[in-house]
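Below is one structure; the comments refer to it alone.
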Amino acid sequence: MTPDKANPLTLLLLLAPLAASGNDIDRDSLPDPDALTPPPMAEPPAPDPTPGRAADTDEIQARLELARLLADREHYDEAIQEYRRVLEAEPERIKARVGLARTLFWAGQHEAAAAEIEAIDTEDLSLQERLFIADLHLSNDDYDAAIELYAAYLAEHPDDHEVRHKKALALAWSERHAAAIEQFEALVEARPRDRQLQRQFAKVLTWADKPDRAIEMLQRSLEE
């Protein structure tokens, strides 16, 4: 059975951060890529003898901070403009591109956000930044890309139930029911009192044509 995310019953069963608008992600639930600590460098960079370069670097950092603050205050057009100015000067500045993608998404420009993340090599990102990109992929129904990044994150953080939940939903929405059931089983075991999770699991079991197990899970969710 194909999942129908437009069905009102289905919408009630989605993740709390996704419930407000189908499978859109609440911006407050997403990691802030601009607040992340960059990985330590193996060697300190050689000092730049050109004073102008230092000034340029300071200006770039100031623009990045300005863009972040503008986005946080929901001044999206201005934030987007600042991120683009940084990228005009330094096209390879990953933090600026991730910030731009995030801000475009929050501004409702989902296709533009997707185009920006396509240009990002996730190998250059931290785990948290990859998780942010995975959330954007999930919101754009690009389930394969989201699942791959969630799996990589969970390999290092297996106890992150929120991320496992997102992976489980991505698997279910892409009709990989057996894999989704495996993820939900782990979640229900870890969170045995989470009734909303049990009801979501029951819905996935229904999609997987396992009505008896779905009945059992719904009954469990209704126990006093």
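If you read the sequence shown in my numbering, its first letter stands for residue 903, the second for the next number, and so on.
Just so it is clear, CB atoms sit at the ideal spot from N, CA and C, and this is done for glycine as well.
Since the model is a prediction, treat every value here as computed from it, not as a measurement.
Q1121, buried or exposed, once every other Cβ within 10 Å from all chains shown has been counted against 16: With fewer than 16 other Cβ atoms within 10 Å, it is exposed.
Reduced DSSP secondary structure (H/G/I, E/B, other) of G1010: Here G1010 sits in coil by DSSP.
Whole-angstrom Cβ separation of L1002 and Y985, contact assumed at under 8 Å? Contact between L1002 and Y985 holds, since their C-beta atoms are separated by about 4 Å, short of 8 Å.
Could you tell me if I982 is buried or exposed, where buried requires 16 or more neighbouring beta carbons within 10 angstroms of its beta carbon? Buried, by the Cβ-count rule.
Please list the terminal residues of the continuous alpha helix (DSSP H) segment that includes S1123. For S1123, the enclosing alpha helix (DSSP H) begins and ends at P1113 to S1123.
Find out if the Cβ-Cβ distance for the pair R1032, L1051 is shorter than 7 Å. Yes, they are a contact pair.
Excluding the five sequence neighbours on either side, which residues of its own chain have a C-beta within less than 7 Å of the C-beta of L1029, listed in chain order? Within the same chain, L1029 has close Cβ partners Y1055 and E1058.
For the pair the stretch 1076 to 1088 and the stretch 1098 to 1108, tell me if three or more CB-CB distances fall below 8 Å. They touch, by the three-pair rule.
Could you tell me the alpha carbon to alpha carbon distance between E1125 and R1097, rounded to whole angstroms? Straight-line spacing of the CA atoms in E1125 and R1097 works out to 9 Å.
Buried or exposed: E1018, going by 16 or more other Cβ atoms within 10 Å of its Cβ? When all chains shown are included, E1018 counts as buried.
Sorted by chain position, which residues of the same chain lie with C-beta nearer than 7 Å to R965's C-beta, five sequence neighbours on each side aside? The answer, listed in chain order, is E984, R987 and V988.
For A1014 versus L1006, is the C-beta spacing smaller than 7 Å? L1006 sits close to A1014, with the two beta carbons spaced by under 7 Å.
Between which two residues does the alpha helix (DSSP H) containing D1022 stretch? As written in the sequence, residue 1022 is Ile, which differs from the Asp given in the question. The continuous stretches of alpha helix (DSSP H) do not include I1022, and DSSP gives it neither H nor E.
Where L1071 sits in the DSSP three-state scheme: In the structure shown, L1071 sits in a helix (DSSP, three-state: H, G or I).
Judging by CA-CA distance, which residue of L1073, S1041 and F1034 is the nearest neighbour of I1049? Nearest C-alpha to I1049: L1073.
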